[in-house]
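Below you'll find the structure, written out as structure tokens, and then a few comments.
2 protein chains.
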Amino acid sequence: MILKSQVEWALHCCTILAGLPNGRYLSTKALAEFHGVPKEYLSKALQSLSQAKLVDSTLGPSGGYRLSRPAAEISFLDVVEAVEGKERTFVCNNIRTNNPCRPKSYCEAGPCAIARIMWEADEAWRASLRSVTLAALIQTLEKEIPVTLWQSSSEWVLNRAG
Amino acid sequence: MILKSQVEWALHCCTILAGLPNGRYLSTKALAEFHGVPKEYLSKALQSLSQAKLVDSTLGPSGGYRLSRPAAEISFLDVVEAVEGKERTFVCNNIRTNNPCRPKSYCEAGPCAIARIMWEADEAWRASLRSVTLAALIQTLEKEIPVTLWQSSSEWVLNRAG
DNA sequence: GAGTACTTACTCGGATAGACGCTGTCCGAGTTACACAGG
DNA sequence: CCTGTGTAACTCGGACAGCGTCTATCCGAGTAAGTACTC
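Chain order of the listed sequences is U and E.
For the working numbering, add 18 to where a residue sits in the first sequence, where the first one is 1.
For the working numbering, add 18 to where a residue sits in the second sequence, where the first one is 1.
Shown next as structure tokens:
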């Protein structure tokens, strides 16, 4: 059970978009070039973000994507769920109903105890992702990344932002 | 990103094995019949449990599996990791190194900030699974399952235990 | 009655095949900004 | 200078193929318990 690489890409792209000046857009091409990933496949991830209403898109030249809300209001969970979907990581097929001793009249009350425990862990994972916003990520990045690299990167991005 | 159905099967099988009297074995065939799943494929899940040293196996007639430790010392995480592996659910491909502005001399210090956050959530998931033992599961099951069904099931199992 | 060979039932591992999702590429339709030509 | 047309750049969506993983099945090798058979 491993998350798609699109999740990684989407998170990195959101980071870049969060650093964009208000109202500016950045194209898929620029994002793909910056991260060294295939443009056409990256566009799938961005489409997922767009469908989830996390980013706005514009057509035409100097078009592209921008965050639809402030970075402080977008959590990691938002991005992960946009790409991976909101379904739980554990699905219960209710195999307990195959128990040969089970009377046909018997009707289960509530979900399987095993499923409940698995879903609880799933919720813990989501809660952890929900607690971190893009703004918080950028704050730690600003501390970790050398100033020169940070500046040259935002300059690179700005030159391509429409 | 969805867990294999083998995880569900393994958890249910461990529950049955945990209810077995000390030293008794239960065969793959009986476990498969009880849960209504294909015997040969279920055996893969049980082999994973065996490789992870969660269960002991015996060959020959009246052979099968039993827990290798008390149910109170086996957590959900043990079972899940036995089947799914211990790898983290998020893999960092370090695409930050593709940044065109990055000087070649520059060497990253420590893992990517995005990966760290994803791994923290992964750890929260695992911690939640680690906190629940098979013994605790059985305790809740005893409360929820009707006494008659509980008894007839353990009788069914005992008749097939070697 | 004691010892030995045989049968049976099971685990374990490898080989195999289909279904499905992920990865990655390609192309066409639609949209917008900009440049350019004509009045 | 203004208007209209054309072009370029981009998003979006669908179609498609390759690949690995998950699901599922089958078979053979090895092992242990029980049974029959021999001395």
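Beta carbons are placed, not taken as given, at the ideal position from N, Cα and C, and that holds for glycine.
| message | If I measure Cβ to Cβ from Ala50 (chain U) and keep anything under 6 Å in the same chain, skipping five residues before and after, which residues do I get? | response | Lys57, Leu60
| Other residues of its chain near Ser75 (chain E): CB distance less than 6 Å, five sequence neighbours each side excluded | Ser68, Tyr83
| Of all the CB atoms in chain E, is at least one closer than 7 Å to the CB of Glu102 (chain U)? | yes
| request: Thinking Leu64 (chain U) and Cys31 (chain U) are a contact (beta carbons under 8 Å), I'd like their distance in whole angstroms, please. | output: 7 Å
| request: Please list, in chain order, all residues of the same chain as Gly37 (chain U) whose beta carbon is under 8 Å from its beta carbon, the five residues on each side excluded. | output: Ile156, Ser172, Val175
| field | Entirely enclosed alpha helix (DSSP H) segments - the segment 60-107 of chain E, minimum 4 residues | value | 94-102
| task | Identify the continuous alpha helix (DSSP H) that holds Ala29 (chain U) and give its terminal residues. | result | In the sequence as presented, Ala is not what sits at residue 29 (chain U); that position holds Leu. 23-36 is the span of the alpha helix (DSSP H), which, as asked, contains Leu29 (chain U).
| One or two residues paired with Leu159 (chain E) in a DSSP bridge | BP columns for Leu159 (chain E) are empty, so no partner.
| query | Using a beta-carbon distance below 7 Å, is Asn177 (chain E) in contact with chain U? | reply | no
| Would you say Thr46 (chain E) reaches chain U, if we count a Cβ-Cβ gap shorter than 7 Å as a contact? | no
| Beta-carbon proximity check, Leu159 (chain U) vs Ala131 (chain E), cutoff 7 Å | yes
| message | What does the alpha-carbon distance come out to for the pair Met136 (chain E) and Ile113 (chain U)? | response | 32 Å
| field | Residues of the segment 20-35 of chain E whose Cβ lies closer than 9 Å to any Cβ of chain U, in chain order | value | Ile20, Leu21, Lys22, Ser23, Val25, Glu26, Trp27, Leu29, His30, Thr33
| Does the beta carbon of Gly54 (chain U) come closer than 7 Å to any beta carbon on chain E? | yes
| Quick one: which chain U residues come within Cβ less than 8 Å of Ile92 (chain E)? | Within chain U, no residue comes near Ile92 (chain E); the closest Cβ sits about 13 Å away, beyond 8 Å.
| message | Which same chain residues end up closer than 8 Å to Glu102 (chain E) when comparing Cβ atoms and leaving out the 5 residues on each side of it in sequence? | response | Leu21, Lys22, Val25
| field | Touching by the beta-carbon criterion (3+ pairs, under 8 Å), the segment 123-130 of chain U and the segment 89-105 of chain E | value | no
| When the distance is taken between beta carbons, is Leu147 (chain U) closer than 7 Å to Leu95 (chain U)? | yes
| Buried or exposed: Arg87 (chain E), going by 16 or more other Cβ atoms within 10 Å of its Cβ? | exposed
| Would you call the CB atoms of Ala139 (chain E) and Trp143 (chain U) closer than 7 Å? | yes
| request: Tell whether a beta-carbon distance below 7 Å holds between Ala127 (chain E) and Cys110 (chain E). | output: no
| task | Rounded to whole angstroms, what's the CA-CA distance from Ser80 (chain U) to Trp168 (chain U)? Just pull it up for me. | result | 23 Å
| So, are the CB atoms of Ser66 (chain U) and Ala100 (chain U) less than 7 Å apart? | yes
| query | Just the Cα atoms here: how many angstroms apart are Ala90 (chain U) and Thr33 (chain U)? | reply | 12 Å
| message | Less than 7 Å between the beta carbons of Cys119 (chain U) and Ser170 (chain E), yes or no? | response | yes
| field | CB contact flag (Leu35 (chain U), Leu85 (chain U), <7 Å) | value | yes
| Going along chain E, which residues have a C-beta under 7 Å from Cys119 (chain U)? | Leu167, Ser170, Ser171, Trp174
| Applying a beta-carbon distance threshold of less than 9 Å, which residues of chain E neighbour Ile155 (chain U)? | The sequence given here has Leu at residue 155 (chain U), not Ile. Residues of chain E passing the Cβ test: Ala131, Ile132, Ile135.
| Proximity test, Cβ basis, 7 Å: Thr151 (chain E) and chain U | no
| message | Considering only DSSP beta bridges, list what Thr151 (chain U) is partnered with. | response | U:Ser93
| message | For Ser93 (chain U), which residues in the same chain have their Cβ closer than 7 Å to its Cβ, ignoring the five residues on either side in sequence? | response | Leu147, Arg148, Val150, Thr151
| Under a Cβ-count criterion, where at least 16 other Cβ atoms within 10 Å of its own Cβ denotes burial, should Val97 (chain E) be classed as buried or exposed? | buried
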